[in-house]
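Under the working numbering, the first residue of the sequence shown carries the number 67, and numbering increases by one thereafter.
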Amino acid sequence: MLSYIVLLPGVIAVLFLEYRFTATIHQSGKTKAVALAFICIYLPVLIMLPQIFEAKIKGLPDFSFAQSAILPIFIAALIAALFVPSRSIFRLRKGLPVLDFFVIAYVVVRVCSEYIVGVDEEPSLIGSLWVSVLWSSLLGVFLPYFLAKWFVHPYGFSEKAAKIIVICTIVTIIICVYEWRFVVNTHNRFFSMFFPAAAFELPNPSYRFGWVRIRGSFIHPILFGTMISTSIFLNYWLTKNGFWKKNFSFLSFPSKVKGHMLSLTLFVGLILTFSRGPLLGLMLGGLFIGIGFSRKGFFLSFTIRMIVFATIGIVIYQGYLYYAELNREVEGTRIADSAIYRIELLGKYIQYVFEKPWWGWGEHGMPEVRGYSSVDNNYLWIALKHGLLAVAFLLAIFVVTGIRLLNTGRKIARTNVLDRSLAFTLLAIFIMQGATYLTVYMGGQNVPIFFLLVGWSEGFLRFVPKKQRLRHANLQSTY
67 MLSYIVLLPG
77 VIAVLFLEYR
87 FTATIHQSGK
97 TKAVALAFIC
107 IYLPVLIMLP
117 QIFEAKIKGL
127 PDFSFAQSAI
137 LPIFIAALIA
147 ALFVPSRSIF
157 RLRKGLPVLD
167 FFVIAYVVVR
177 VCSEYIVGVD
187 EEPSLIGSLW
197 VSVLWSSLLG
207 VFLPYFLAKW
217 FVHPYGFSEK
227 AAKIIVICTI
237 VTIIICVYEW
247 RFVVNTHNRF
257 FSMFFPAAAF
267 ELPNPSYRFG
277 WVRIRGSFIH
287 PILFGTMIST
297 SIFLNYWLTK
307 NGFWKKNFSF
317 LSFPSKVKGH
327 MLSLTLFVGL
337 ILTFSRGPLL
347 GLMLGGLFIG
357 IGFSRKGFFL
367 SFTIRMIVFA
377 TIGIVIYQGY
387 LYYAELNREV
397 EGTRIADSAI
407 YRIELLGKYI
417 QYVFEKPWWG
427 WGEHGMPEVR
437 GYSSVDNNYL
447 WIALKHGLLA
457 VAFLLAIFVV
467 TGIRLLNTGR
477 KIARTNVLDR
487 SLAFTLLAIF
497 IMQGATYLTV
507 YMGGQNVPIF
517 FLLVGWSEGF
527 LRFVPKKQRL
537 RHANLQSTY
């Protein structure tokens, strides 16, 4: 019964929505209440609470904290959709948007893969692996994508969503100071009291160069580093646009100084994960994020940034290789801690990918090569589990979203700094994540976080930039 604590975020969401629905007379206020619940309840739960803990409810699939929060929010969204005006965001253009198709296809392929590969292994409907994948895909891929698409940018909550992501990440980093100093992961230690059976399944501490790598509420330091890098980009967007308040409640600082202090905290947290992937991804994404604020042309801005970042990157990488070589001689660094391991992974596992190219080996049927048990490449990991079709749709989501953000960002007028900079900020995030997932699998809450960002981008691309460009054109023709 103690494990039912995971239902608490869902109860809070229900109480919040019930209060707002009864207190709101206007129809548009109901959908705004759903948007606030999604951003102010689901996002903090997703980032700050460990999702490895699940409640086993008889007759139902397992629930995590985030899953229990998003389900009532989605039901409320469906109820609100019955009362919204005809021009609501729920009444979209005819036809299926291309990104919606890729997301739905990705979910369908994952479920079909597990059904085809493993349905015979578990006759029970609820207990079968394919139903578990269906459940996790609906609540971890489908709903975060569509709710973010409907409610973040169309309701003007991009600033609020970015602030909540940054603040929740910083709070998690502050909590991790204890983990960095005393090795014990505070998040897992606290919630393991409610899940005695899961205490033996918790991940062990990870070390690099003799230091413990913080992971917070995430299941791996690299995944936490990915979240921190995402927050660094969002905080840059908030700071440059002056969205932070003039000062802290307890200190008097200019707005931009406050933003820089938050960025410094995030960067220190990223360093304490001791993860190369998010750091290199941050540098790649940094090539694009500043273009949204630049008055120069796109190609000139990109060229200048590429030269600067390439120079800095070469210096840092050479220094890192020198230190790593010294560390290898002194401590005997494991091969799994090097880039060589990830390169050799492809050669070791590629034959198994082509042995079952379409549907993969399933969630629990993946082959394991001796000495290479950790598949530190998300695309290879997906290919092994669910086949090349799933990888193709996932890559299509990355590529289509990135190209559309780049194209839209270039077309938005330079005077419209807010939307132009948001386009390049989201683009930088996807470049960073796409590169980082070459070094780790996408697991835990990183899956819904990624598809939430995809939905946020889709909502931005479909509902604001065209109006802004049209408005800019009208102003030019009038004046």
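Every residue, glycine too, gets a C-beta built ideally from N, C-alpha and C. On a predicted model such as this, the values are computed, not experimentally measured, just so you know.
Backbone CA spacing between residue i and residue j [nearest angstrom]
| i | j | result |
| --- | --- | --- |
| CYS55 | MET432 | The question about residue 55 has no answer, for the chain in this structure spans 67 to 545. |
| GLY351 | PHE496 | 8 Å |
| VAL174 | LEU165 | 14 Å |
| LEU68 | GLY222 | 38 Å |
| SER523 | ILE105 | 15 Å |
| GLU225 | LEU330 | 20 Å |
| ILE288 | ALA449 | 20 Å |
| LYS96 | GLY76 | 18 Å |
| ASN444 | TRP303 | 28 Å |
| ALA146 | GLY291 | 36 Å |
| TYR407 | VAL506 | 12 Å |
| VAL249 | ARG274 | 13 Å |
| THR481 | THR305 | 18 Å |
| VAL199 | VAL334 | 36 Å |
| ILE78 | GLY125 | 23 Å |
| ILE280 | GLU245 | 6 Å |
| PRO271 | LEU345 | 20 Å |
| PRO163 | ILE123 | 36 Å |
| PHE459 | ALA171 | 7 Å |
| GLY343 | GLY500 | 10 Å |
| ILE416 | LYS98 | 48 Å |
| TRP310 | ARG436 | 51 Å |
| SER154 | GLY356 | The predicted position of SER154 is uncertain, since its pLDDT is 49 and thus under 50; a value taken from the coordinates is nonetheless stated next. Cα to Cα, the separation comes out at about 33 Å. |
| PHE119 | ARG476 | 43 Å |
| HIS326 | ILE240 | 17 Å |
| PHE420 | GLU434 | 15 Å |
Sheet register partners of residue i (DSSP bridge)
| i | result |
| --- | --- |
| PHE129 | ALA121 |
| TRP522 | Paired residues: none, contrary to the question. |
| TYR273 | VAL278 |
Close Cβ partners of residue i (< 6 Å) along its chain, the five nearest in sequence each way excluded
| i | result |
| --- | --- |
| LEU300 | ALA228, ILE231 and VAL232 |
| VAL207 | VAL173 and PHE517 |
| LYS215 | GLY521, GLU524 and GLY525 |
| PHE217 | ALA101 and PHE104 |
| THR296 | ILE495 |
| PHE140 | LEU209 |
Test item: CB-CB of residue i and residue j under 8 Å
| i | j | result |
| --- | --- | --- |
| ILE478 | ALA462 | no |
| PHE526 | LEU492 | yes |
| LEU446 | LEU411 | yes |
| LEU109 | CYS234 | yes |
| ALA143 | VAL177 | no |
| LYS414 | GLY428 | no |
| LEU519 | SER283 | no |
| TRP546 | TYR181 | Residue 546 falls outside the range modelled here, since the chain spans only 67 to 545, and no answer is possible. |
| ILE294 | THR339 | yes |
| ILE107 | PHE82 | yes |
| ARG466 | PHE212 | With the sequence shown as reference, residue 466 is identified as Val, and Arg is not the correct amino acid for it. For VAL466 and PHE212, no; Cβs fall outside 8 Å. |
| ILE285 | PRO269 | yes |
| TRP425 | SER179 | yes |
| PHE529 | HIS219 | yes |
Own chain residues within Cβ distance below 7 Å of residue i, not counting five before or after
| i | result |
| --- | --- |
| ALA121 | SER69, TYR70, VAL72, LEU73, ASP128 and PHE129 |
| PRO423 | GLY453 and LEU454 |
| LEU112 | ALA132, GLN511, PRO514 and ILE515 |
| MET508 | ASN444 and PHE516 |
| ARG470 | LEU527 |
| PRO138 | GLY76, ALA79, VAL80 and LEU83 |
| SER487 | TRP303, LYS306, ASN307, GLY358 and PHE359 |
| ALA610 | Outside the displayed range of the chain (67 to 545) lies residue 610, so it cannot be described from this structure. |
| ILE236 | LEU328, THR331 and LEU332 |
| TRP277 | PHE340 |
| SER439 | none |
| THR90 | LYS96 and ALA99 |
| TYR85 | none |
| THR238 | ILE113, MET114, GLY282 and SER283 |
Neighbourhood of residue i by C-beta distance below 8 Å, restricted to the same chain and skipping five residues each side
| i | result |
| --- | --- |
| LYS259 | The sequence shown places Met at residue 259, rather than the Lys named in the question. Answer for MET259: LEU68, listed in chain order. |
| MET498 | THR292, SER295, THR296, PHE299, PRO344, GLY347, LEU348, LEU350 and GLY351 |
| LEU336 | GLY291, ILE294, SER295, ILE298, PRO344, LEU345 and LEU348 |
| GLY468 | LEU493, PHE496, ILE497 and GLY500 |
| ALA456 | TYR172, VAL175, ARG176, SER179, GLY426, ILE448 and ALA449 |
Check: residue i C-beta below 7 Å from any heavy atom of the ligand SAM
| i | result |
| --- | --- |
| VAL207 | Annotation note on the ligand SAM: not contained in the displayed structure, which lists no ligands. |
Item to complete: Mind listing, in chain order, the continuous alpha helix (DSSP H) runs of no fewer than 4 residues lying wholly within the region 412 to 492?
Response: Here the runs fully enclosed are 444 to 452 and 454 to 477.
Practice prompt. Identify every run of the alpha helix (DSSP H) within the region 209 to 254, keeping only runs that are complete inside it and at least 4 residues long; order them along the chain.
Written response: 209 to 217 and 224 to 248
Item to complete: Report the residue ranges of all alpha helix (DSSP H) runs contained in full by the region 281 to 313; include only those spanning at least 4 residues, in chain order.
Response: 287 to 306
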